[in-house]
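Trainee: What follows is a single structure, and I will ask about it in a moment.
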Amino acid sequence: MAWAPYGPFWRQARKIYLIQVFSAKKLESFKDIRAEERRNFFPRLHSLSGKPVVLRDHLCRHTLSTISRMVLGSKYFSESGDDKSSIVKLDELKAMLDEWFLLNGVFNIGDWISWLSFLDLQGYVKRMKALYKRFDKFHNYVIDDHQTKRAKDKDSIPRDVVDVLLQQAEDSDLDFKLTRDQYQGIITIGGTDTSATTIEWAIHEILKNPRIIEKAKEELDRVIGRNRWVEEDDFSKLPCIDAIIMESMRLHPLGTFLIPHCAMEDCKVAGYDISKGTMILINIWSLGRDPNSWDAPEEFLPERFLGKETDIMGSTFAFLPFGSGRRRCPGYPLALKIVRTMLANLLHGFNLKLVDGMRPEDICMEEFYGLATHPKKPLTIIKEPTLPDNFY
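Start counting at 1 in the sequence shown, then tack on 740, and there's your number in this note's numbering.
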């Protein structure tokens, strides 16, 4: 949907996302799934206590597992190679999604010099076609499985996003009928990489600034205590955690640019004539570091977001973490729930430390640019549990 032009398909897909997938009611119905995946995640981290771990790998696995259950109903993948009933292994599915993100963000010469496109000089088109075949096999398996279950129980209530899409396919009143290929595009498990990357950047920044960790832990101990984990309903009482996330998204937006926009009519912006049909790219990386909008813009200062209402809906041009207008990310309510609970519980349940011999100033903050902007070098950390053992 992100790359689709404004038209019948885009309007129908957006309507499905906003009403059937990311509405407050739907997200509440998936609350138990998110809580269960968190309960499964922290014991795995606890088993690695005292050992160096690359946190990115574990965060990506968790977000993939959580979002796939919400979208597909079941995981449809195995955690290891022992489960012969699954169509794909978790690591294989993660590799497919990593490839999907990479190929969506690469600079393909053939896109800019059309007469060279048939040569596929970089091999990206060949890789895209190979990836399409793998996703097509996976999506067809998922859709066929859901159709079989629906045929056995025609009165069943939709339990996941695929069920919703199949129900929509049977609705004769739709303004625009989606094809099977379009359904497959909608159920691609987006958000897994971006949510994990947001948490990863926040961890990078707070480990460079230990005073922020101390302040966040003080808030967690005071509000939550030491006898439970942080839940989604707690966040109205955790402004420090929220401020860390907002400041991280300001300095490290998920992409340098928002998804492309298009001028719908001739207009003039800052003295420049913009013709109808012109592609518009908005550099949110620069907006977040603009000294005209932010004091000390290069410094990580979560306190700048404390004591005031933070607008993330796109009405303030200086801060557009999820875009603005019709093209704003429809999944931002889910992303915030996952990022908030994961970051808060990582800080609440563990002491996060750098490996021996590494200092805060040694943390690499270079960026790797693609569809999502990752830290160039994954951070290896050591975790020590802080809650009683029976909580893991």
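Glycine included, each C-beta is placed from N, C-alpha and C at the ideal position.
Small disclaimer: the values here were computed from a predicted structure and weren't measured.
Are the CB atoms of L871 and K834 nearer to each other than 8 Å?
Mentor: no
Trainee: Given that a residue counts as buried once 16 or more other Cβ atoms are within 10 Å of its Cβ, and exposed if not, what is L859?
Mentor: It is exposed - the Cβ of L859 has fewer than 16 other Cβ atoms within 10 Å.
Trainee: Figure out for me which residue from E1038, Y923, F1108 has the closest Cα to the Cα of D876.
Mentor: Y923
Trainee: Looking only at its chain, what residues have a beta carbon closer than 8 Å to the beta carbon of E1124, apart from the 5 residues adjacent to it on each side?
Mentor: For E1124, where only same-chain residues beyond five positions count, the Cβ hits under 8 Å are S789, G790, F1090, N1091, K1093.
Trainee: Could you tell me the alpha carbon to alpha carbon distance between G1065 and V1095, rounded to whole angstroms?
Mentor: 43 Å
Trainee: Return the chain-ordered list of same chain residues with a C-beta closer than 8 Å to the C-beta of E839, the five sequence neighbours on each side being excluded.
Mentor: R867, L871
Trainee: Can you tell me whether DSSP reads K1123 as helix, strand or coil?
Mentor: strand
Trainee: The beta strand (DSSP E) that contains C1007, what's its start and end?
Mentor: 1007–1009
Trainee: Could you give the first and the last residue of the continuous beta strand (DSSP E) run that contains L1092?
Mentor: 1090–1094
Trainee: Unbroken beta strand (DSSP E) runs of length 3 or more, entirely within the region 790–845: which are they?
Mentor: 792–794
Trainee: What ranges does the beta strand (DSSP E) occupy inside the region 741–800, keeping only unbroken runs of at least 3 residues that lie completely in it?
Mentor: Fully contained in the region 741–800 are the following beta strand (DSSP E) runs of length 3 or more, in chain order: 792–794.
Trainee: Round the Cβ separation of H1001 and I1022 to the nearest angstrom and send it over; I've been treating them as touching at under 8 Å.
Mentor: H1001 to I1022, Cβ: 7 Å. Contact.
Trainee: The beta strand (DSSP E) spanning D1013 covers which residue range?
Mentor: 1012–1014
Trainee: Along the alpha helix (DSSP H) that carries P950, what are the first and last residues, could you check?
Mentor: 950–963
Trainee: Let me know the secondary structure DSSP gives E1043 once reduced to three states.
Mentor: helix
Trainee: So, helix, strand or coil for H992, using DSSP?
Mentor: coil
Trainee: Which same chain residues, not among the five before or five after A764, have their C-beta less than 8 Å away from its C-beta?
Mentor: Cβ contact annotation for A764 (same chain, cutoff 8 Å, sequence separation greater than five): P1073, in chain order.
Trainee: Out of G965, G1054, P1070, which one is the CA nearest neighbour of I926?
Mentor: For the residues G965, G1054, P1070, the minimum Cα distance to I926 belongs to P1070.
Trainee: S1026: buried (16+ other C-beta within 10 angstroms of its C-beta) or exposed?
Mentor: exposed
Trainee: Can you tell me the Cα-Cα spacing of V755 and T1018, whole angstroms?
Mentor: In the sequence on display, residue 755 carries Lys and not Val. The C-alpha of K755 lies about 26 Å from the C-alpha of T1018.
Trainee: Please state whether DSSP places F1059 in a helix, a strand or coil.
Mentor: F1059: coil per DSSP, three-state reduction.
Trainee: Assuming P979 contacts L1046 under a Cβ cut-off of 8 Å, what Cβ separation, rounded to an integer in Å, is found between them?
Mentor: 6 Å
Trainee: Taking the C-alpha atoms as reference points, what is the distance between A909 and R1067?
Mentor: 24 Å
Trainee: For the region 1002–1013 and the region 1025–1041, state whether three or more C-beta atom pairs, one from each stretch, are separated by less than 8 Å.
Mentor: no
Trainee: Restricting to Cα atoms, I'd like to know which of L812, A753, Y746 is closest to L914.
Mentor: A753
Trainee: Please classify N780 as buried or exposed, where buried requires at least 16 neighbouring CB atoms within 10 angstroms.
Mentor: exposed
Trainee: With a threshold of 8 Å, are at least 3 pairs of Cβ atoms found where one atom belongs to the region 1101–1115 and the other to the region 940–951?
Mentor: yes
Trainee: Specify the secondary structure class of N848 as computed by DSSP and reduced to three states.
Mentor: Here N848 carries a coil assignment [DSSP, helix/strand/coil].
Trainee: With a threshold of 16 other CB atoms inside 10 Å of the CB of D772, please say whether the residue is buried or exposed.
Mentor: Counting Cβ neighbours within 10 Å, D772 comes out exposed, since fewer than 16 surround it.
Trainee: Quick check: E987 and F1040, are their CB atoms within less than 8 Å of each other?
Mentor: yes
Trainee: So, helix, strand or coil for C1002, using DSSP?
Mentor: Residue state for C1002 is assigned as strand, using DSSP reduced to three classes.
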